[in-house]
Structures are given as structure tokens and as C-alpha cells.
Amino acid sequence: VLFGEYLTNAQGEDVVAGIRTPKPIAEMEREMPEMYRQLLELRRKLEAHYREVQDFEFTIERGRLYCLQTRNGKMNATALVRTSVEMVAEGLLSRERALLRIEPRMLEQLLFPRLDPKVKATPLAQGLPASPGAASGHIVFDADRAEFLGNAGEAVILVREETKPEDIHGFFAAQGILTSRGGKTSHAAVVARGMGKPCVAGAEGIRVDVHLRQATIGDKVLHEGDYITIDGTTGYVYQGKVPTVDPEFSPELRTLLDWADEVAHLQVLANADTPETARKAREFGARGIGLCRTERMFNATERLPIVIDMILADTSEERRKALEQLLPMQRQDFYELFRAMAPYPVTVRLLDPPIHEFLPAEQELRREIEHLRQLKTTIQGVIDLYGSLRLLQAREDLAKQYPEPFDQHGEELVDKALLKKERMLRKIRELHEVNPMLGHRGVRLGLTYPEIYRMQLRAVLEAVALCRKEGVEVHPEIMVPQVCTARELERVRAMLEETKKEVEAETGQALPVKFGSMIEVVRACMRSDELAKVAEFFSFGTNDLTQATFSFSREDAENKFLPLYQQTNVLHDNPFEVLDVNGVGKLMEITVRWGRKSRPALKLGICGEHGGHPESIAFCHRIGLDYVSCSAPRVPIARLAAAHAALKS
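Residues in the sequence shown are numbered consecutively from 692, following our numbering.
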């Protein structure tokens, strides 16, 4: 398509000056057909020579067409994708060159809503662009209210100091997330990216007061219910509603990504914890689920109380009863995931985080206990007052009858709630760890409380049996987190085999399932030859492996010293965003080499946040990984990056 403007009886400066209204180039075909024919031929020659869309200037003098200058046309992502596909169809470009014209990160413009560039808005504050996209909504300060209003059809933005796993139901309901603390790899950022929701994190200029239900930015106070807009691509926060432009997954983009899949060596899988996310990942071209975080399933509103009962259990029998309630829920989750992704593989990671993460924060719990104690004192005072009035009535022989102040079970309910909260507080203190990220979590939790892992294994296997009974082809994979010794893997594998025999006997079906290990502990890298004798696949958890290698946590680093390190070139990049190939990368190379020495057919992949980063994907290609797994919205970016890695190698 030829696009442009021209003026007759004019100089070039007249077009630029805007003193006359130029004519669309299409009118030249009617007004000067021969000149128009020459213009089309000039465009054809320029594009054939430069193999790029050209932005050129021309003049016509005495019946001759002159080209004054030409340069490569400036294009947004939509135009670049479209012209690349069209130029291949015209024979001007090969598919390989068309793929290399487009930087993978440019696809973000096509995959997420963005602010309308025609609208000029002044930002109130700026944080870190933690998850791309733009969204507007009413401010809410807690996940419960976000869920309530979201289910009622309201657009909401969840605003918190920082988020925790128990806020997950609020994420599902919110259009976007804004936090005043945390970095690009904080809990809020990672979960938002996984869901494809815009997120601005670490907006330190915003003071959030959950109790007053307000946020302060300078001298401006925003209250719950006020409208704001966040742009997770730039990190800006705006007051009011700023118009957005919807993304478009065009036929040309689908064609381009199909070409990318043909040349890429790396498979692209997605991190997904819900059937909805799995379906979205599949629409974006994911060839399976490389990471299903089962703990996310525990955080659902109706399940968290059961999980808390399981944690508070004093005996393994009490714990088993709570787990029996969770079993059908997890089975249904896995069943829906397997169906959504069939016939591609689904990798289920067994429970990873410390169990105290499912309990309320200690400070919040102490506040609730104090409130219940005051309530109990108030109830007792009213009951005492009522007793005195009844005594006075008896003495004075008054006819007036005083109503009962409370339901007879009211005080019992308060006592019961207080007792449970106090038990919870004792359990929190009992579970307290100095460094929980290096403590009682992952496989260590599974071996200490084997009934938890047994329940999850049974849920997976029963879901597989249901799918196979319905003729659905499924390829389940079980992955164990935080492994550092082969014996840990052997213990969990024994649990799997035992549970597998039980379910196969109950269902009368053979249930094939692969068994593998997360590689996120330095010792696991150094002993990968031994681990590969037990595991059929490895998946690098590069978030935790980076923390372990650098000896600093991502949240503390991004909030405290990492910006200074980057500004002063102590570190060139944030290692939680760009894979540290000279440190973490060396450990990965050792793992690949030694692991495949023990098991040549060992499948290797990566499921950390780095799995969606183009430069990190190029490194994964170089060391011979089989797949990368990233959040669903980044799957198209990873597909193109995988093609770039193959074409440039």
C-alpha cells in the first residue's frame, strides 16, 4: 500500500509548512496517471534495493519524476509485523530476515492494552514497570473488597504496600495492581505477569494507609473508590480514567510466530496455575505448562480456612482429615488443567513455600486477638449489667421485662474465635524462621509432612485417570522443589510409585507420569549427575537459584541497594530480570553437562521469570536446553526470541 501526500504547483517546503492542505497520494492516479505509475515503480525499486519499507520524498518537474531522498520508514510494532509478512509474500524478504527485523520486546505493544497516545495526561507518581499493560479502576485497599466489587462488575485497582500469597483472590478480580514497595520480581510483579495484569510496583512516593483507606501522594490524598489509571509498561500512575487502546493479535502476527516455531530449537511452554491461564497460554502458542504452582490453588478464599486447619493440626490424623477435604478440590484443578492443555505436557510442582505463608501476619493477628478480647470484655460487661437489672427488678417487683441482650451462643462464638486465633498465633511463633526462604520449605516440607505430598500426588493421578477414561490424551509431570540431594528425590519418588500403584489398582488404568526436579539450589547443580539418576527431567528455577548464588533476596535487593549497584556499574543488569550468565549461567552449564552425562536423554528447561527474557532465552539456546517456560502473556515474545536465538547461532 502506498501512503503519502502531494501538492501541485508547490515547493517541498510548502508541504512541511502546512500553509496549504495537501492531497492524498491516491488522487495522483487520476490527476497524473503516468507520474503515478512512475511513483509506484520508484517505490518498488527502493524497497527491492533496501529490503525495507521506505519513507521517500519526490518532486515532479517538466513531466519527470525525481527522488530527492529516502530512508527506512519508522514503524510501530503493528506496522512492522504486517509489512514483514507482506514483503515475504512479495518475495522481497526471506522468512528468516522477516523474523530478524522485529525485536521480540516490540511485541509487548501488540499483546497488552496501552494508554491512548493521542491523550496527554500528567502522571501523579511513578514506580517500577513490573507487568506491562494499562488499566483503570476504583481504588481498593484489600483483596476481599477487590473480589466483592470485581464480582459485582466494578473495575478496581488493588492498592497495597506490598502483596502476599493470601491476596491472590484480589488479583483475579482486579484490573491492575499498585504497590508502594517491592521490585520487578516481587510477589505482586510475578503474580501479575503470570495473570497478564498490569502492575506498578515500588511506587515509593505513595504512602498507603489501609486502616484510613487512603493513599497519599505528596499533598494529594486519594480515598477508596477514587478512580486511577496505572501503566505497567512505563510505571506511571494517573488520577482519573485515561483512555486505553486494546491489543490486537492479528493474522500477520500469527503467521510470523508460526514461522518462528519452524526455525526455533527451544519449545516455549507457559507458567499457569488455572484453566483460564492455561487456555490463554495455548491461544498465545504455548506447547504445554512448564510450571504449575500448586500453592496458588491453596490460596482460594474457600480453601484457605481448610489449609489453616491443616497447619493448626496437632496430629498427623487431624492433618489428614483436612487434606481429605482439599483432595477433591486439587483433583478438579488438575483435571481442568490437563483438559485445557491436552495433548501437551503439564508440569505440576509440589508444594514449595513455607506453610507459615498461609497464615496471617503476626502483627495483624495480634490486633485481631486484642479486638476479640475487648469484645469479650464488652459482652461480659453487658451480661453483668443485665444481671444487675434483673436483680433490681426482682427487688422492686417491677413489671417491666428487660430483653435478653445477646443470643445465648454469642459469648461462645467469641470464645471459639479467640481460642482459634490464639492457637494460630502460637503456631506462627512456633513456625517462625530466621530465614524462611532457606528454611522449612519445598521437599523438606514434603518429607516432614509426607501426607501433604501424598495428597497432591493422589490428586494428580486421579485427575489423569479421569482424563484417560474420557479419552483425553494427557502427559503429566511431577516436579519436586528445593532439592539438594538424590536421597530427597528417592523418598518422593517412592511416595509417587506407592500412590501410583494404589490409584492404578482403584481405577484399573495404567497411569504414566514423568518425575523430575527443580534445580534452584547450588548443591543440586554440583550434584546434578547423581540427581539425574533419579529424575527424568530438570527445570531451572532461576529466581531462587539467583538468590542463592548472589546471597541476597530479590525483594531486599530491589528495595535497597540494587538500584545503586546498577547506577554505579557494580552490576550491569538486575540479575532477577536478566540472567547472570557469568555466575548463575556457569552453574546451569555444569548442570547440563553433568546431568546429561548420567542420563543422555535428560530433558532440561527453565521456568523462572528469565524464561520470558530475550537475552536469557538466547543463553538457554546456547547451552542446549529443550524448553523455556514463562508467564502466558510473554509466550509470543519468547517464541520470537527462541527463533532469533536459533537464527543468530
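Every residue gets a Cβ at the ideal spot worked out from N, C-alpha and C, and that includes glycine.
Helix, strand or coil: which one does DSSP assign to G1162?
Correct three-state label for G1162: coil.
Helix, strand or coil for M766 per DSSP?
Coil at M766, not helix or strand.
Beta strand (DSSP E) containing A991: first to last residue?
That residue, A991, is in no beta strand (DSSP E); it is neither H nor E in DSSP.
By the 10 Å Cβ neighbour count, where 16 or more other Cβ atoms means buried, how is V850 classified, buried or exposed?
Classification of V850: buried, given that the 10 Å Cβ count is 16 or more.
List the residues that DSSP assigns as beta-bridge partners of R797.
In the sequence as displayed, the identity of residue 797 is Met instead of Arg. DSSP, once it has assigned bridges, lists no residue as partnering M797.
Any idea which residues DSSP pairs M726 with across the strands?
Beta-bridge pairing links M726 to no other residue.
Pull the bridge partners of V1134 from the DSSP assignment, please.
In the DSSP output, where bridge partners are listed per residue, V1134 has none listed.
With a Cβ-Cβ cutoff of 8 Å, do G1296 and Y1318 count as a contact?
Yes, these two residues count as a Cβ contact at 8 Å.
Inspect the beta-carbon positions of E1189 and R1011 and report whether they are closer than 8 Å.
Cβ distance not < 8 Å, so E1189 and R1011 don't count as in contact.
Tell me whether R711 is buried or exposed, calling it buried when 16 or more other Cβ atoms sit within 10 Å of its Cβ.
Exposed is the call here.
Taking Cβ to Cβ, would you say E1168 is nearer than 8 Å to V1037?
Yes, these two residues count as a Cβ contact at 8 Å.
Within its chain, find whatever has a CB closer than 8 Å to the CB of L783; leave out the 5 residues flanking it on each side and keep chain order.
Excluding sequence neighbours, L783 sits near E738, A739 and R742.
Quick one: grab the DSSP three-state call for H1062.
H1062: helix per DSSP, three-state reduction.
Three or more beta-carbon pairs under 8 Å between the segment 1308 to 1322 and the segment 870 to 877, yes or no?
No, because fewer than three Cβ pairs between the segment 1308 to 1322 and the segment 870 to 877 fall closer than 8 Å, the two stretches do not touch.
Pull up the distance between the alpha-carbon of D1220 and that of G981, whole angstroms please.
Cα to Cα, the separation comes out at about 22 Å.
Could you tell me whether the Cβ atoms of P823 and P889 are closer together than 8 Å?
Their beta carbons are under 8 Å apart, which means P823 touches P889 by this criterion.
A1323 and L955 - do their beta-carbons sit closer together than 8 Å?
Note that residue 955 is Ala in the sequence shown here, rather than Leu. It is not a contact, given that the beta carbons lie outside the stated cut-off.
Am I right that R904 and F839 are in contact with their C-beta atoms under 8 Å? What's the rounded C-beta distance?
Incorrect: roughly 14 Å between the Cβ atoms, too far for contact.
Check whether the Cβ atoms of I908 and A826 lie closer than 8 Å to each other.
Cβ atoms of I908 and A826: not closer than 8 Å.
Is the beta carbon of L1222 sitting closer than 8 Å to the one on S1244?
It is not a contact, given that the beta carbons lie outside the stated cut-off.
Report the rounded CA-to-CA distance for I1366 versus L1050, giving the unit in angstroms.
As shown, the chain starts at 692 and ends at 1340. That puts residue 1366 outside it, with no answer to give.
Is it buried or exposed, L1136, if we count other Cβ atoms within 10 angstroms and call 16 or more buried?
Classification of L1136: buried, given that the 10 Å Cβ count is 16 or more.
Can you find the residues in the same chain that come closer than 8 Å, C-beta to C-beta, to A701, ignoring five residues on each side of it along the sequence?
Excluding sequence neighbours, A701 sits near R711.
Tell me which same chain residues have a C-beta within less than 8 Å of the C-beta of T813, skipping the five on either side of it?
Same-chain partners within the cutoff: Y929.
Let me know the alpha helix (DSSP H) ranges lying completely inside the segment 1256 to 1332, each 4 residues or longer, listed in chain order.
Qualifying alpha helix (DSSP H) stretches, in chain order: 1275 to 1289 and 1305 to 1313.
Output needed for R734: all residues of its chain with C-beta closer than 8 Å, excluding positions within five of it in sequence on either side, in chain order.
Once the five neighbours on either side are set aside, the close Cβ partners of R734 are L693, Q745 and F747.
Once you ignore the five residues that flank E1053 on each side, which residues in its own chain have a CB closer than 6 Å to its CB?
If we look at E1053 and ignore the five residues flanking it on each side, its Cβ neighbours are I1119.
Check whether the segment 1196 to 1206 touches the segment 1263 to 1273, counting contact only when three or more Cβ pairs, one atom from each stretch, lie closer than 8 Å.
At 8 Å Cβ cutoff, the stretches do not touch.
State the Cα-Cα distance for the pair M1001 and F862, rounded to the nearest angstrom.
Those two C-alpha atoms are separated by around 25 Å.
Would you mind working out which of Q1238, A1201 and V1183 sits nearest V1212, comparing C-alpha positions?
When only C-alpha atoms are compared, the closest one is Q1238.
I'd like to know whether the C-beta atoms of I1308 and L957 end up nearer to each other than 8 Å.
Against a cut-off of 8 Å, the Cβ pair of L957 and I1308 comes out as a contact.
Which same chain residues, not among the five before or five after A1156, have their C-beta less than 7 Å away from its C-beta?
Cβ within range, chain order: V1194, T1198, Q1200 and L1202.
Look at the alpha carbon of K1191 and the alpha carbon of M1032, and state the distance between them as a whole number of angstroms.
One C-alpha to the other measures close to 22 Å.
Quick one: grab the DSSP three-state call for G1207.
Residue state, collapsed to three classes: strand.
In this structure, how does DSSP classify C983 when only helix, strand and coil are distinguished?
C983: strand per DSSP, three-state reduction.
Between the segment 1122 to 1129 and the segment 975 to 994, do three or more beta carbon pairs fall short of 8 Å?
As far as the Cβ criterion goes, the segment 1122 to 1129 does not touch the segment 975 to 994, which means the pair count is below three.
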